[in-house]
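Asker:
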Amino acid sequence: MNTSSLSPHSCAECKVVVIDGTGPEVKQHFEFPCYKVQELSQRCKFFSWTLKLLSDIPLYTTDTLILSMLTDSEDLECLNIDWRDANNQRLSEDDIALYIFSEKDNPAAQYIQSRPIEPSPARSIRRGSCLERYKSCLNHKECKIAMERNKNNAAPARLLDLRASSQVHLYMVPQEECPLYAALSYCWGRSQQQEDAKTTTANVQDRKGGIDLCQLPQSIRDAIEVTRSLELSYLWVDALCIVQDDSQDVASEISKMGSIYGGATITISAASANDSTEGFLGNRDLTKAYGTLFQLPYYNKRAGDLAEGSVLLSEHPVEDTRQENIDQRAWTMQEDIVSLRLLRFGSKQTTWRCPTYTQGRKIDGGGRPTLKNTDYSFSVNDPYRNNEVRSNITSFGPMGPSCAKADWLRVVSEYTHRDLTKPSDRLPACAALAENFADIMGYDVSEYLAGLWKDDLYAQLLWHRPEEREAGSGFGPSWSWSSMNGPVQFFQRALLQYDFEVKAAARYVGSYRDSMSENHQYSEVGSGRLELNGRLQQAHWDSRSLRRSIIDPDVLPSKIYWDSSDGVSPQIVWCFEIIGSYISLGLLLERDKQTRFKRVGCFICEGGKGSQVMKSFFDETQPQTIAIY
Numbered sequence: 036m037n038t039s040s041l042s043p044h045s046c047a048e049c050k051v052v053v054i055d056g057t058g059p060e061v062k063q064h065f066e067f068p069c070y071k072v073q074e075l076s077q078r079c080k081f082f083s084w085t086l087k088l089l090s091d092i093p094l095y096t097t098d099t100l101i102l103s104m105l106t107d108s109e110d111l112e113c114l115n116i117d118w119r120d121a122n123n124q125r126l127s128e129d130d131i132a133l134y135i136f137s138e139k140d141n142p143a144a145q146y147i148q149s150r151p152i153e154p155s156p157a158r159s160i161r162r163g164s165c166l167e168r169y170k171s172c173l174n175h176k177e178c179k180i181a182m183e184r185n186k187n188n189a190a191p192a193r194l195l196d197l198r199a200s201s202q203v204h205l206y207m208v209p210q211e212e213c214p215l216y217a218a219l220s221y222c223w224g225r226s227q228q229q230e231d232a233k234t235t236t237a238n239v240q241d242r243k244g245g246i247d248l249c250q251l252p253q254s255i256r257d258a259i260e261v262t263r264s265l266e267l268s269y270l271w272v273d274a275l276c277i278v279q280d281d282s283q284d285v286a287s288e289i290s291k292m293g294s295i296y297g298g299a300t301i302t303i304s305a306a307s308a309n310d311s312t313e314g315f316l317g318n319r320d321l322t323k324a325y326g327t328l329f330q331l332p333y334y335n336k337r338a339g340d341l342a343e344g345s346v347l348l349s350e351h352p353v354e355d356t357r358q359e360n361i362d363q364r365a366w367t368m369q370e371d372i373v374s375l376r377l378l379r380f381g382s383k384q385t386t387w388r389c390p391t392y393t394q395g396r397k398i399d400g401g402g403r404p405t406l407k408n409t410d411y412s413f414s415v416n417d418p419y420r421n422n423e424v425r426s427n428i429t430s431f432g433p434m435g436p437s438c439a440k441a442d443w444l445r446v447v448s449e450y451t452h453r454d455l456t457k458p459s460d461r462l463p464a465c466a467a468l469a470e471n472f473a474d475i476m477g478y479d480v481s482e483y484l485a486g487l488w489k490d491d492l493y494a495q496l497l498w499h500r501p502e503e504r505e506a507g508s509g510f511g512p513s514w515s516w517s518s519m520n521g522p523v524q525f526f527q528r529a530l531l532q533y534d535f536e537v538k539a540a541a542r543y544v545g546s547y548r549d550s551m552s553e554n555h556q557y558s559e560v561g562s563g564r565l566e567l568n569g570r571l572q573q574a575h576w577d578s579r580s581l582r583r584s585i586i587d588p589d590v591l592p593s594k595i596y597w598d599s600s601d602g603v604s605p606q607i608v609w610c611f612e613i614i615g616s617y618i619s620l621g622l623l624l625e626r627d628k629q630t631r632f633k634r635v636g637c638f639i640c641e642g643g644k645g646s647q648v649m650k651s652f653f654d655e656t657q658p659q660t661i662a663i664y
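For the sequence shown, the working numbering assigns the number 36 to the initial residue and increments by one for each residue that follows.
(1) Once the 5 residues before and after S149 are set aside, which same chain residues still bring their CB inside 6 Å of it?
(2) Are the CB atoms of F510 and R461 within a distance shorter than 9 Å?
(3) Mind checking whether C178 and T386 have CB atoms under 9 Å apart?
(4) Comparing C-alpha positions only, which one of A286, A299 and Q629 sits nearest to R184?
(5) For the alpha helix (DSSP H) containing Q283, name the first residue and the last one.
(6) Which whole runs of the beta strand (DSSP E) in the region 556-626 are 3 residues long or more, in chain order?
(7) Should S584 be labelled buried (16 or more other beta-carbon atoms within 10 Å of its own) or exposed?
(8) Do R504 and R364 have their C-beta atoms closer together than 9 Å?
(9) Quick one: grab the DSSP three-state call for I116.
(10) Give the straight-line distance between the Cα atoms of E211 and P658, rounded to the nearest whole angstrom.
(11) How would you call M29, buried or exposed, if buried means at least 16 neighbouring beta carbons within 10 angstroms?
(12) Over what stretch of residues does the alpha helix (DSSP H) that includes R684 continue unbroken?
(13) Does the beta-carbon distance from G163 to L111 come in below 9 Å?
(14) Using only the alpha-carbon positions, how far apart do T429 and M476 sit?
(15) How about A190 and K291: do their beta carbons lie closer than 9 Å?
(16) Taking 9 Å as the threshold (beta carbon to beta carbon), is F525 in contact with chain C?
(17) Can you name the residues that DSSP bridges to R364?
(18) Would the beta-carbon of N13 fall within 9 Å of that of G297?
(19) Thinking L41 and L328 are a contact (beta carbons under 8 Å), I'd like their distance in whole angstroms, please.
(20) For C469, name the three-state secondary structure that DSSP assigns.
(21) Between F67 and L89, what straight-line distance do the alpha-carbon atoms span, to the nearest angstrom?
(22) Quick one, are the C-beta atoms of W514 and Y664 less than 9 Å apart?
(23) Relative to the C-alpha of S382, which residue among I152, H64, N141 and R376 is closest?
(24) Expressed to the nearest angstrom, what Euclidean distance is found between the alpha-carbon atoms of A143 and L114?
(25) List the endpoints of the continuous alpha helix (DSSP H) containing R388.
(26) Given this structure, state the Cα-to-Cα distance separating T236 from S558, to the nearest angstrom.
(27) Output the distance between the C-alpha atoms of I246 and V603, rounded to the nearest integer angstrom.
(28) Does DSSP classify F525 as helix, strand or coil?
(29) Given this structure, state the Cα-to-Cα distance separating R665 from L455, to the nearest angstrom.
(30) Is L591 closer than 9 Å to L635 when the C-beta atoms are compared?
(31) Are the beta-carbon atoms of L197 and I301 separated by less than 9 Å?
(32) Buried or exposed: P209, going by 16 or more other Cβ atoms within 10 Å of its Cβ?
(33) Give me the Cα-Cα distance between E260 and D117, rounded to the nearest whole angstrom.
(34) Please report the distance separating the alpha-carbon of S103 from that of V523.
(35) In whole angstroms, what is the alpha-carbon distance linking N335 and L347?
(36) Go ahead and label N471 buried or exposed: buried means 16 or more other beta carbons lie within 10 angstroms of its beta carbon, across all protein chains shown.
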């Protein structure tokens, strides 16, 4: 790819900004007064672009404004840009940057690691880049260990057999041995073509004889091409390998979802496709990917060698930032995390992840990929890291350096921010994550309470709905975050901040779960009872604040988080203390019977006189055992 095909802006005016990559001792800082930028913007698209950044900033004067540009580091991944006032204060809270990359034949390329976006993701398939990476991975020590661990995973009932060139057919997997296979992670859609492509009781027998490729959505056809290019003969696609109108088959195969993706030799992620009709091997939209594009001079003098060339700067990052449609879907999160290997075809680049390269590697162009789903202290397919997690927990306790339990809260928070079509799938769609977390932590299934772990129950009971977000009814007991169809957050920062002074005021007594899946104990829960022993106090909600009673003028100094977003809250609530000391946290309950309650929200009071008020409020009563449903 040459510069002319990208059409970046470059002119004599902006060439005064020379990117110097000599080293950190060279301070890369450019400043231009506003009047000069206004003058240059008449002739230069680069300065015109910087001037447009002021349009969202409230201004009282323009004669003292300074345009400031600063390179990020020796790596030179971006040029940070902001407007400042006469006191050198930033006018915008948002970080604004142009992202630096270089063409491979430019002198700057020996120092700049990012490359232009590859227009055709199919090119990496057809020139063998993905196959080369896959074959190399088969010899990785860490990957061999993870493969050995996963070889006893429950096999899918069916696979697509790709050995015939003109068509594929359903292959019934024998119990004694499952062949190597790839799995597809993708977004499905709702068109008639997609409905017709599903395997049903009416066509399952015929499909054992063959499926015409032209009948399949483009993403599945692309996945078949990728699988064959990796010299694999079998592919698992849920819409085709599960009999969609057979409830028993659906339940059986969904219960094995973690094993299916974990047992696949590789997972192909159709990240760039919004639904299965789009495909993911078509040409990328470079105009959308880059945004505005500029070219600036580059200079580097290290150890006597002089490199003079140019770099390209784009308005948008040139790497996969995990903001595709697939990253908003709940089911695809566990498909990503539990996969042994992930070959991800994004709208900007194709990336590879495996137990050896947990932070990912790029297959084609772009910059260093961002793989935030691996940024936890535990990793499903990283045995070395998981052994360290177990060791740290044994040595330092639950709040040890590993912070694996805190990371479970992060997993739940990210997961609940994703979209889910059926509220009843709230727990099934993360069952594989729970099962793998239990394996890593050495937990028994009995310690999993509808999305919460007994070992960290007090912190995990204190989930709340973000105030700015609405939420519908979910599925499950009121004390579980699964009962709310929307995002949840936890009080992690507050709990960690007061770690040395926080004491659990409540005590776990017992629980009961009505599991709706015989096949998978980490899956759907219809109802559940949680028994806790602690201090319970009645209070009055007057639509603005919480008071001791309807006639008591004193306000209880707590921040209230209601589970419902409809604005309707009960006037009489019961405050159940979960954590009390320097910080006070607990549940807001509505009474059903004498000792039977339903959760309706939670409260927090952080430090100072407020916590003393809450302490005296709860000191007026004795602990009792209650049941929450």
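Ideal placement from N, C-alpha and C gives every residue a C-beta, glycine not left out. Note that this is a predicted model, so its numbers are computed, not measured.
Answerer: In terms of the structure at hand:
(1) F136, V353 and G402
(2) yes
(3) no
(4) A299
(5) S282 to S290
(6) 560-569, 571-576, 594-597 and 607-614
(7) exposed
(8) no
(9) strand
(10) 56 Å
(11) The structure shown does not extend to residue 29, since the chain is modelled only from 36 to 664, so the question has no answer here.
(12) An answer regarding residue 684 cannot be provided, because it is not within the stretch 36 to 664 covered by the chain.
(13) no
(14) With a pLDDT of 49 at T429, under the threshold of 50, the predicted position of this residue should be treated as unreliable, though the coordinate-derived value follows. Going from the Cα of T429 to the Cα of M476 covers about 10 Å.
(15) yes
(16) The question asks about chain C, but that chain is absent: this structure has only one protein chain.
(17) D454
(18) Here the chain comprises residues numbered 36 to 664, so residue 13 is not present and cannot be evaluated.
(19) 6 Å
(20) Here residue 469 is Ala; the residue named in the question, Cys, does not match the sequence. Here A469 sits in helix by DSSP.
(21) 14 Å
(22) yes
(23) I152
(24) 15 Å
(25) From DSSP, R388 is part of no alpha helix (DSSP H) but of the beta strand (DSSP E) over T385 to R388.
(26) 25 Å
(27) 53 Å
(28) strand
(29) Nothing about residue 665 can be read from this structure; the chain reaches only from 36 to 664.
(30) With the sequence shown as reference, residue 635 is identified as Val, and Leu is not the correct amino acid for it. Not in contact: V635 and L591 (Cβ atoms no closer than 9 Å).
(31) no
(32) exposed
(33) 46 Å
(34) 39 Å
(35) 15 Å
(36) buried
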